[in-house]
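The block underneath contains the structure these notes are about, expressed in structure tokens.
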Amino acid sequence: LPAGRGGDHPGLRTHQEPAHPECVADVNSAQSTQLPLSRIAALWLPLAASWLLMGAELTLVSAAITRLPHPTRELAAFGSIIYPLAVAIESPIIMILAASTTLARTRSNYLVLRSFTNWLAVALMSLHALIAFTPLYDVIVGQLISAPQPIVASARSGFQLALPWVWLVGFRRLQQGVLIRFGDARAVGVGTLIRLLSEVVVLLWGAHFQWVHGALLGAAAILAGVTAECFYAAYRARAIHRSRLRESEGETVTLHEFLRFYIPLAITPFLVLLCQPLISAGLSRMPFPIVSLAVWPVVSGLLFLFRCLGLAYNEVVITLLDEPGGRDSLRRFTRLLASGVTVLFALLIVTPAGYFWFHYVAGLPPSLARIGAATLWLALPLPGLNVVDRWFEGQLLYQRRTTAVTESVTLFLLLLTVTLIVGMIDGSKPGIFVAVSGFVIGFISRTFWLRLRWQRLVDEGLQH
Numbered sequence: 224l225p226a227g228r229g230g231d232h233p234g235l236r237t238h239q240e241p242a243h244p245e246c247v248a249d250v251n252s253a254q255s256t257q258l259p260l261s262r263i264a265a266l267w268l269p270l271a272a273s274w275l276l277m278g279a280e281l282t283l284v285s286a287a288i289t290r291l292p293h294p295t296r297e298l299a300a301f302g303s304i305i306y307p308l309a310v311a312i313e314s315p316i317i318m319i320l321a322a323s324t325t326l327a328r329t330r331s332n333y334l335v336l337r338s339f340t341n342w343l344a345v346a347l348m349s350l351h352a353l354i355a356f357t358p359l360y361d362v363i364v365g366q367l368i369s370a371p372q373p374i375v376a377s378a379r380s381g382f383q384l385a386l387p388w389v390w391l392v393g394f395r396r397l398q399q400g401v402l403i404r405f406g407d408a409r410a411v412g413v414g415t416l417i418r419l420l421s422e423v424v425v426l427l428w429g430a431h432f433q434w435v436h437g438a439l440l441g442a443a444a445i446l447a448g449v450t451a452e453c454f455y456a457a458y459r460a461r462a463i464h465r466s467r468l469r470e471s472e473g474e475t476v477t478l479h480e481f482l483r484f485y486i487p488l489a490i491t492p493f494l495v496l497l498c499q500p501l502i503s504a505g506l507s508r509m510p511f512p513i514v515s516l517a518v519w520p521v522v523s524g525l526l527f528l529f530r531c532l533g534l535a536y537n538e539v540v541i542t543l544l545d546e547p548g549g550r551d552s553l554r555r556f557t558r559l560l561a562s563g564v565t566v567l568f569a570l571l572i573v574t575p576a577g578y579f580w581f582h583y584v585a586g587l588p589p590s591l592a593r594i595g596a597a598t599l600w601l602a603l604p605l606p607g608l609n610v611v612d613r614w615f616e617g618q619l620l621y622q623r624r625t626t627a628v629t630e631s632v633t634l635f636l637l638l639l640t641v642t643l644i645v646g647m648i649d650g651s652k653p654g655i656f657v658a659v660s661g662f663v664i665g666f667i668s669r670t671f672w673l674r675l676r677w678q679r680l681v682d683e684g685l686q687h
């Protein structure tokens, strides 16, 4: 694919514009110029806000489920079976957003993307149906994951209801990519807000009438949310399809070129999402499985809220790295952001705020809330580490070194798996403590690997 406009952006832009002679600045002058931190913050804040809205989703669902009958069982069924397994199946389609943002510049490219998205969604929905409506469900959930039988039964109907998720997610991300490409990124945040509001309506209805059990209500709420967000994204993109996209001209990407571009993108989220069913399988085989399976989705949801502040930083690094003084300013912002989120997370741990969150916000019983609050001590390095991780990853993506990212995720999964196996063999520690420890150990190794690969770029003279 052609290189990126205004620089060597990997997989973000597809048109190279020649540099004008007057734009070539003196090197010393460029190095002395500092990119204002306020500009970095202005780009980072709306992206972080969008991630935070998405991160609130599981917390809302968990809070509603805890107020229905059999909360421990239903929390475990939704948070450790339905949601992670459905998301793992849809993972190959998640990066359609990046592909659409990069390539949906012309009508012909959009049609290639739409055709691929539909075919991929059909294939993944077929896989989902094969698991949900056949005895294969009992093999995967009951035997491979080894979930207790009450959880296996409770999760079945919710997993069946989740069948349309994959197409709705794929088509929505396709339209969101078009919106971002043509300058209407604000619509993406509005769509996320509409999604949450739709889910709240369904959750309030279900909690009031209690016509369905908690795990099924959680699946129904997510289905309502992704449906509303999908239709809103399609509605907002309609004007672009009618005018600007139809009138745009440029290169046409073939299906073969698109596959060469997309397959590496699809591998990484698939590997990342494997950690959820992997952790569920480990928790089911360690002491106090139902307690650990019930607490884990609430803990992971809270950790995700803090990680959102770093997840949004990747695109910021890629966008501003080639600005005059961008590298030095981004490095300073990385330190400030990592320090800030670490201090904020530490305050949650050392004050009653942690217990307040788990008991009064998430709705866990006091015994489970105390376990959740104690677990946060093990996760203390994670929020700040995530910011540093995205700093190195953004620089590697800027230099088109996507293989390094896949390698780091593979190392993360390997060490997480080893930690879970050690916990199962030892059999003396509650599974929730082992899982969080393995997650942190894996993330440290992932960040360290990205740092090593970044240093190799420095040694090769590609970073300056």
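My numbering applies: residue 224 is where the sequence shown begins, and numbers increase by one. Where is the CB? At the ideal position from N, CA and C, for every residue including glycine. All of these numbers come straight from a predicted model, not from anything done at the bench.
Cut-off 6 Å between Cβ atoms - residues of its own chain near residue i, not counting five sequence neighbours on either side
i    : result
I317 : P492
R467 : F405
S421 : A447, G448 and A451
A442 : I305, G381, L384 and A385
G617 : N537, V540 and I541
L601 : V659 and S660
E245 : Bear in mind that a pLDDT of 44 at E245, under 50, signals an unreliable position, so the number given afterwards is only what the model happens to contain. Correct list: empty, nothing qualifies.
Between the CA atoms of residue j and residue i - distance to the nearest angstrom
i    : j    : result
P294 : G437 : 7 Å
V681 : W672 : 14 Å
L599 : A279 : 18 Å
R669 : S631 : 5 Å
I667 : V284 : 30 Å
Q678 : I445 : 42 Å
P520 : V335 : 37 Å
L620 : I490 : 15 Å
N332 : A460 : 15 Å
R409 : M647 : 46 Å
L675 : V423 : 44 Å
L478 : L326 : 12 Å
V641 : H351 : 28 Å
L266 : S273 : 12 Å
V411 : A456 : 7 Å
V553 : L440 : At residue 553 the sequence reads Leu, which differs from the Val that was named. About 43 Å.
F432 : P589 : 25 Å
A561 : L494 : 25 Å
L516 : E480 : 43 Å
I354 : N341 : 20 Å
R508 : L258 : 51 Å
R395 : Y485 : 17 Å
G505 : D612 : 26 Å
C-beta atoms of residue i and residue j nearer than 8 Å
i    : j    : result
Q499 : V310 : yes
L426 : A287 : yes
P653 : F511 : yes
G696 : L639 : Residue coverage of the chain in this structure runs from 224 to 687, which leaves residue 696 outside it and unanswerable.
W388 : E313 : yes
Y536 : V610 : yes
I263 : L567 : no
W580 : L526 : no
R555 : L260 : yes
S503 : P373 : no
L528 : L275 : yes
I655 : V518 : yes
L634 : A658 : no
L391 : C453 : yes
L636 : G595 : no
G393 : A344 : yes
L605 : I572 : no
T626 : T475 : no
T565 : W614 : no
Same chain only: Cβ atoms within 8 Å of residue i, ignoring 5 sequence neighbours per side
i    : result
A378 : A300, F301, I304, I305, V364, A370 and A438
I463 : V401, L402, F405 and D407
D361 : V375
R290 : A430 and G586
T282 : V521, G524, L525, L528, V584 and A585
L570 : A576
Residue i Cβ short of 7 Å to the ligand NAP heavy atom set
i    : result
V584 : Among the ligands in the structure shown, none appear at all, so the ligand NAP cannot be discussed.
Cβ neighbours of residue i in the same chain (closer than 7 Å, five flanking residues each side left out)
i    : result
F356 : Q383
D649 : none
R337 : L397
A271 : C531, L532 and A535
A592 : Y578, F581 and H582
P315 : L343, L347, A489 and F493
M277 : T415
R550 : L544
* **alpha helix (DSSP H) runs contained entirely in the stretch 298-372, provided each spans 4 or more residues** => Counting whole runs of 4 or more residues, the stretch 298-372 contains the alpha helix (DSSP H) stretches 306-313, 319-326 and 330-355.
* Ignoring anything shorter than 3 residues or poking outside the stretch 504-583, list the beta strand (DSSP E) runs there in chain order. => Runs found: none.
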